[in-house]
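Peer 1: I have a structure here, written as structure tokens, and I will follow up with some questions on it.
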Amino acid sequence: MRECVIDVIFASRKRKDILLFLKSGPQDMEFILESLESDRQALLPHMRILEENFLVTQFEDVWELTTIGELIADEMISLLSTADVLDSDIDYWGSHSLDFIPYHLIKRMNELGKCKVLNTPLSGEYELNREIIQTSPISGSLFIATAFIQTKCLTTLSEMAKKNVDIYLILSQNALDNLRSRYAAYVEKLIKSKSFHFYVCSKELGFQAFMYNDYYLLLHLLKNNGEHDSKRILCSNPYATEWGKELFGYYLKDSRPITEMQLNFDKDKVSRLFKTEIAGL
0 MRECVIDVIF ASRKRKDILL FLKSGPQDME FILESLESDR QALLPHMRIL
50 EENFLVTQFE DVWELTTIGE LIADEMISLL STADVLDSDI DYWGSHSLDF
100 IPYHLIKRMN ELGKCKVLNT PLSGEYELNR EIIQTSPISG SLFIATAFIQ
150 TKCLTTLSEM AKKNVDIYLI LSQNALDNLR SRYAAYVEKL IKSKSFHFYV
200 CSKELGFQAF MYNDYYLLLH LLKNNGEHDS KRILCSNPYA TEWGKELFGY
250 YLKDSRPITE MQLNFDKDKV SRLFKTEIAG L
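Going by numbering that gives the first Met the number 0, the first residue of the sequence shown is number 0, and it counts up by one from there.
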């Protein structure tokens, strides 16, 4: 009985390496042997197995992937690179919720590359990451989506805005309500700045925060049980920041800009409601 394709590929590391190596194009046997650091006697049986399963083909001493082999190799690259992302800290990824990520981006988790988990102290849970602060003035912009924000973070963002960094900030409704009730005057001042762009999202934000600039993507996730966590994931490659840009856009399309007029309108509304309640006493 013929083995299934998965068994053919993953039962042998040599066969997996051959498929990935031939993804770059047809290669002669001597170059394959040299590149994979093997000899003909050890490698040829694996080449024959791949050939019998229509994954590679041979012309004289040159080997190349078949159309099926190309398809399989493409999927292998995606799978293995996704595994590399998760292997950066499988305990973190496995214990934190990823439900807020749309399916088309979940499928492209491999684009995050090698990430590192930052063990941020609880006291600094809502402070901006050092790498983000250092590189945003060079980047010229910073994009943040957050379910909670403190004045210390707003103060840091304000300092960055003075350095001509454009700040794009998506807030949850709860975060916006908190700012309105406690720091309305300060937020109105920030809104008047041309560097600040505030939005409120109608979607539930199933994360603590995420942010990106041209250099870094930072994810601050919730645990699977909904609890907060001070740990964060920092990714630093161009594909990761592009991935972050698409994630930001996903939430931005369900967000509306916050303007000074809207803040004043809401404060007037609260005032009218308060007067109504007083009149009814």
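C-beta: ideal position from N, C-alpha, C; glycine also.
Are the stretch 206 to 220 and the stretch 176 to 192 in contact at 8 Å, needing three or more beta carbon pairs?
Peer 2: no
Peer 1: Do you know how far the Cα of residue 28 is from the Cα of residue 60?
Peer 2: On the sequence shown, position 61 is the one that residue 60 refers to. On the sequence shown, position 29 is the one that residue 28 refers to. Cα-Cα distance, rounded: 6 Å.
Peer 1: Just checking my contact of residue 145 with residue 190 at CB under 8 Å: how many whole Å lie between their CB atoms?
Peer 2: By one-based count along the sequence shown, residue 145 stands at place 146. By one-based count along the sequence shown, residue 190 stands at place 191. That belief does not hold up - the Cβ atoms of residue 145 and residue 190 are roughly 17 Å apart, past 8 Å.
Peer 1: Is the distance from the Cβ of residue 239 to the Cβ of residue 111 below 7 Å?
Peer 2: The residue you call residue 239 lines up with position 240 of the sequence shown. The residue you call residue 111 lines up with position 112 of the sequence shown. Cβ atoms of residue 239 and residue 111: closer than 7 Å.
Peer 1: Would you call residue 231 buried or exposed, if buried means 16 or more other Cβ atoms sit within 10 Å of its Cβ?
Peer 2: Mapped onto the sequence shown, residue 231 falls at position 232. Buried is the call here.
Peer 1: Residue 24: which of 42, 7, 3 and 64 sits nearest, CA to CA?
Peer 2: Position 25 of the sequence shown, counted from the first residue, corresponds to residue 24. That would be 64, whose Cα lies nearest to the Cα of residue 24.
Peer 1: In angstroms, rounded to a whole number, what distance separates the CA positions of residue 78 and residue 96?
Peer 2: Walking along the sequence shown from the start, residue 78 turns up at place 79. Walking along the sequence shown from the start, residue 96 turns up at place 97. In a straight line, the C-alpha of residue 78 is about 20 Å away from that of residue 96.
Peer 1: Just to confirm, is the Cβ distance from residue 130 to residue 250 under 7 Å?
Peer 2: On the sequence shown, residue 130 is found 131 positions in, with the first residue counted as 1. On the sequence shown, residue 250 is found 251 positions in, with the first residue counted as 1. No; because the gap between Cβ atoms is not below 7 Å, this pair is not in contact.
Peer 1: On the CB-based measure, 16 or more other CB atoms within 10 Å of its CB, does residue 243 come out buried or exposed?
Peer 2: For the purposes of this step, residue 243 is taken as residue 244 along the sequence shown, with counting starting at 1. With 16 or more other CB atoms across the displayed protein chains lying within 10 angstroms of its CB, residue 243 is buried.
Peer 1: In whole angstroms, what is the alpha-carbon distance linking residue 74 and residue 161?
Peer 2: By 1-based counting over the sequence shown, the position of residue 74 is 75. By 1-based counting over the sequence shown, the position of residue 161 is 162. Between residue 74 and residue 161, the C-alpha separation is close to 46 Å.
Peer 1: Restricting to runs no shorter than 4 residues, where is the alpha helix (DSSP H) found entirely within the stretch 35 to 69?
Peer 2: Complete alpha helix (DSSP H) runs here, min 4: 39 to 51.
Peer 1: Report the rounded CA-to-CA distance for residue 6 versus residue 222, giving the unit in angstroms.
Peer 2: Start at 1 with the first residue of the sequence shown, and residue 6 comes out as number 7. Start at 1 with the first residue of the sequence shown, and residue 222 comes out as number 223. About 35 Å.
Peer 1: So which of 54, 94, 195 and 169 has the shortest CA-CA distance to residue 228?
Peer 2: The residue labelled residue 228 in the question sits at position 229 within the sequence shown. Closest option to residue 228, Cα to Cα, is 94.
Peer 1: Is DSSP giving residue 250 helix, strand or coil here?
Peer 2: Counting from 1 along the sequence shown, the entry for residue 250 is found at position 251. In this structure, residue 250 counts as helix in the three-state DSSP scheme.
Peer 1: Taking the CB atoms as reference points, tell me whether residue 166 and residue 138 lie closer together than 7 Å.
Peer 2: Here residue 166 corresponds to residue number 167 of the sequence shown, with the count starting at 1. Here residue 138 corresponds to residue number 139 of the sequence shown, with the count starting at 1. Their beta carbons are not under 7 Å apart, which means residue 166 does not touch residue 138 by this criterion.
Peer 1: Do you know how far the Cα of residue 201 is from the Cα of residue 174?
Peer 2: As a first step, residue 174 is located in the sequence shown; it is residue number 175 there, counting from the start. As a first step, residue 201 is located in the sequence shown; it is residue number 202 there, counting from the start. Each residue's alpha carbon lies about 12 Å from the other.
Peer 1: Whole angstroms is fine: what's the gap from residue 220's alpha carbon to residue 128's?
Peer 2: Locating residue 220 in the sequence shown gives position 221, counting from the first residue. Locating residue 128 in the sequence shown gives position 129, counting from the first residue. The alpha-carbon atoms of residue 220 and residue 128 are separated by roughly 14 Å.
Peer 1: Looking only at C-alpha atoms, which of 81, 133 and 119 sits nearest to residue 109?
Peer 2: The residue labelled residue 109 in the question sits at position 110 within the sequence shown. Out of 81, 133 and 119, the CA that lies nearest to the CA of residue 109 is found in 81.
Peer 1: If I'm right that residue 116 touches residue 88 with Cβ under 8 Å, what's the distance once you round it to whole angstroms?
Peer 2: In the sequence shown, the residue the question calls residue 116 occupies position 117. In the sequence shown, the residue the question calls residue 88 occupies position 89. With 8 Å as the limit, residue 116 and residue 88 qualify as a contact, their Cβ atoms being about 5 Å apart.
Peer 1: Go through the stretch 139 to 189 residue by residue and report every complete run of the alpha helix (DSSP H) that reaches 4 residues or more, in order.
Peer 2: 150 to 161
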